[in-house]
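Numbered per this note's numbering, the sequence shown spans residues 131 to 410.
Where is the CB? At the ideal position from N, CA and C, for every residue including glycine.
A quick note: this is a predicted structure, and the numbers were derived from the prediction, not measured.
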Amino acid sequence: MSWLIFSLLFSFGFGQLFKWSQRCGCNAPTVVSTNYLVLAGILAVYYLIRGELVITMPILKVGGITGVAFIISMLVMTRALEIADVAAVLTAFRLSIVVPILTSVWIWGETVSTIQLIGLFLTFVSLVLMTRGNKEETKLAGLAALGLVVAIFSLQGFSHATLGWVHYAGLDPQRQLVLLVISLIAGSLGAVYIALRRIKPRSRDLAMGAGIGLYNLVALFLTLTALSKVSGTLFFSLQGCAVVMMDNFFAHYYWKEKLSRQAKIGALIGALAMLLVLKK
131 MSWLIFSLLF
141 SFGFGQLFKW
151 SQRCGCNAPT
161 VVSTNYLVLA
171 GILAVYYLIR
181 GELVITMPIL
191 KVGGITGVAF
201 IISMLVMTRA
211 LEIADVAAVL
221 TAFRLSIVVP
231 ILTSVWIWGE
241 TVSTIQLIGL
251 FLTFVSLVLM
261 TRGNKEETKL
271 AGLAALGLVV
281 AIFSLQGFSH
291 ATLGWVHYAG
301 LDPQRQLVLL
311 VISLIAGSLG
321 AVYIALRRIK
331 PRSRDLAMGA
341 GIGLYNLVAL
351 FLTLTALSKV
361 SGTLFFSLQG
371 CAVVMMDNFF
381 AHYYWKEKLS
391 RQAKIGALIG
401 ALAMLLVLKK
């Protein structure tokens with residue numbers, strides 16, 4: 131359970147670091163891509179020194195697909211935050227946690243009790259409440275806005291679900307190598323995107339990305355370790371509620387953002403949902 135707790139805390143911290151980078155005026159694609167390249171570089175050097183840099187086909191397959199999913203979902207979301215309603219984008223992002231939960235049950239064959247099923251439903255309700263209430267003016271409307279929200283929900287959900295694939299592919303002992311491939315693929319594709327967009331990386335973007343990459347190395351390792359020890363339904367349900375709850379409270383008390391009544395009610399429901407999901 132300690133792996134799960136630390137994973138949730140580091141996932142929350144990653145979101146806050148990324149938010150801080152945006153408030154500092156950093157370029158999101160550059161920060162994201164640098165983060166992955168630094169992460170991949172550290173792992174590559176480590177395994178080269180140990181003489182254990184052996185990438186098998188299963189590692190390449192799982193890591194490659196996950197890396198592609200990671201970078202596409204992140205680039206789509208960062209772009210969406212620039213052109214669409216922030217509230218709608220963040221709601222789609224948070225609710226996408228439903229996808230890996232359903233994947234864990236339908237594809238990986240995990241079982242849930244009736245009490246846990248009620249907890250999963252309350253998780254969904256709490257996420258809806260905690261991510262609503264932002265009344266920013268919509269920049270993109272109509273079918274384009276709807277399509278973008280659906281894309282974010284699907285892509286983010288798929289990228290989360292692929293993390294659970296590492297365990298069910300029998301790659302838990304090689305999860306650091308899988309993480310290396312994920313990061314290398316994601317960072318490389320991100321670099322290509324930056325080049326095509328003709329974005330000129332600034333020193334502060336690179337420094338921020340490198341710092342987040344060091345942090346993310348620990349965060350993703352904790353996530354993969356937690357998923358090797360607890361079920362995906364438990365992990366993603368708790369992550370969905372706990373991280374959003376911490377996000378909301380941190381936004382209120384540190385970033386001085388107003389916490390709506392809906393968000394407060396959602397936080398209470400989320401706390402109840404987490405207790406039910408933990409029940410066997």
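With distances taken between CA atoms, Val280 lies nearest to Ser203 out of Leu350, Ala340, Ser203 and Ser243.
Judged by their CB atoms, Leu250 and Ser367 are nearer to each other than the 8 Å cut-off.
Here Tyr166 has Ser313, Ala316 and Gly317 as same chain residues with Cβ atoms under 6 Å from its own Cβ, once five neighbours each way along the sequence are excluded. A contact between stretches requires three or more CB pairs, one per stretch, nearer than 8 Å, and the region 164 to 180 meets this requirement with the region 303 to 312. A distance below 8 Å between beta-carbons, with the five flanking residues on each side excluded, links Leu190 to the following residues of its chain, in chain order: Val311. In the three-state scheme derived from DSSP, where H, G and I count as helix and E and B as strand, Leu167 is classed as helix. Short of 6 Å from the beta carbon of Ser289, and not among the five residues preceding or following it, lie these beta carbons of its own chain, in chain order: Ala199, Phe200 and Ser203.
Annotation for Ser358: the continuous alpha helix (DSSP H) segment containing it runs Ser333 to Lys359. Cys154 has its alpha-carbon roughly 21 Å from the corresponding atom of Phe379. In the same chain as Leu293, and ignoring 5 residues on each side of it, the C-beta atoms closer than 8 Å to its own belong to Thr196, Pro230, Thr353, Leu354 and Leu357, in chain order. In this structure, Gly320 and Ser163 form a Cβ contact; the two beta carbons are roughly 3 Å apart against a cut-off of 8 Å. Beyond the five residues adjoining it in sequence on each side, Val235 comes within less than 7 Å, by CB distance, of Val242 and Thr363 in the same chain, given in chain order. Inter-residue distance for Val184 and Gly343 is about 22 Å (C-alpha atoms, whole angstroms).
At the C-beta level, Asp335 and Val161 come within 8 Å of one another.
Cβ contact annotation for Phe283 (same chain, cutoff 6 Å, sequence separation greater than five): Ala222 and Ser226, in chain order.
In the structure shown, Trp295 adopts helical secondary structure according to DSSP, grouped into three states. Of the residues assessed, Val322 falls on the exposed side of the cut-off, its CB having fewer than 16 other CB atoms within 10 angstroms.
The beta carbon of Met375 sits closer than 6 Å to those of Ala397 and Gly400, all from its chain and outside the five residues before and after it, given in chain order. Cβ atoms of Ser141 and Met338 stay farther apart than 8 Å, at about 19 Å.
Looking at the backbone, the Cα of Pro303 and that of Phe148 are separated by about 29 Å. For Ile329, the closest of Gly194, Asn157 and Gly341 by C-alpha to C-alpha distance is Asn157. Taking 8 Å as the upper bound for CB-CB distance, Glu240 and Ser361 are in contact here, some 5 Å apart. Gln369 and Val228 have their C-alpha atoms roughly 11 Å apart.
Scanning Cys371, Leu278 and Leu247 for the CA closest to the CA of Ala210 turns up Leu278. Distance from the CA atom of Gly287 to the CA atom of Glu182, rounded to whole angstroms, is 32 Å.
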